[in-house]
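K.L.:
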Amino acid sequence: GSVKWKIKAQNDCQTSSPVVVGNAALLGCTDGRMYAVSAKDGSALWTIKTNKGIWATPALDEEGTVYIGSHDGYLYALASA
């Protein structure tokens, strides 16, 4: 297929697989950022910065809470909206 859209992250994001929540695609990167972009067109929705890298894929619960683990030693719970 052809590329629908792409974004340029500020660092390596190959260790975390994207997760789609509603209309957002979420991706964690080794620079500690979690990016949320529009699954439709790739436009930025929000970013959260942790103190160290995010290497694992985010997890979701049935209520839409997004959980990310960071190498800073914290587990973050984020509202998906």
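Each residue of the sequence shown is one higher than the last, beginning at 546 in this note's numbering.
By construction, the Cβ of each residue, glycine as well, lies at the ideal position given by its N, Cα and C atoms.
Because the structure is a prediction, the values reported are computed rather than measured.
Please go through the region 601–626 and give each complete beta strand (DSSP E) segment of 3 or more residues, from N-terminal end onward.
P.N.:
The qualifying runs are 611–614, 620–623.
K.L.:
To the nearest angstrom, report how far apart Asp-617 and Gln-555 are at their CA atoms.
P.N.:
Here residue 617 corresponds to residue number 72 of the sequence shown, with the count starting at 1. Here residue 555 corresponds to residue number 10 of the sequence shown, with the count starting at 1. C-alpha separation (whole angstroms): 18 Å.
K.L.:
Under the three-state reduction of DSSP, which class applies to Ala-584: helix, strand or coil?
P.N.:
The sequence position of residue 584 within the sequence shown is 39, counting from 1. Coil, per DSSP.
K.L.:
Whole angstroms is fine: what's the gap from Val-564's alpha carbon to Ala-624's?
P.N.:
Here residue 564 refers to the residue found at position 19 of the sequence shown. Here residue 624 refers to the residue found at position 79 of the sequence shown. Cα-Cα distance, rounded: 14 Å.
K.L.:
Taking the straight line between their C-alpha atoms, what separation do you get for Ala-581 and Thr-610?
P.N.:
Your numbering for residue 581 matches position 36 in the sequence shown. Your numbering for residue 610 matches position 65 in the sequence shown. For Ala-581 and Thr-610, the distance between alpha carbons rounds to 13 Å.
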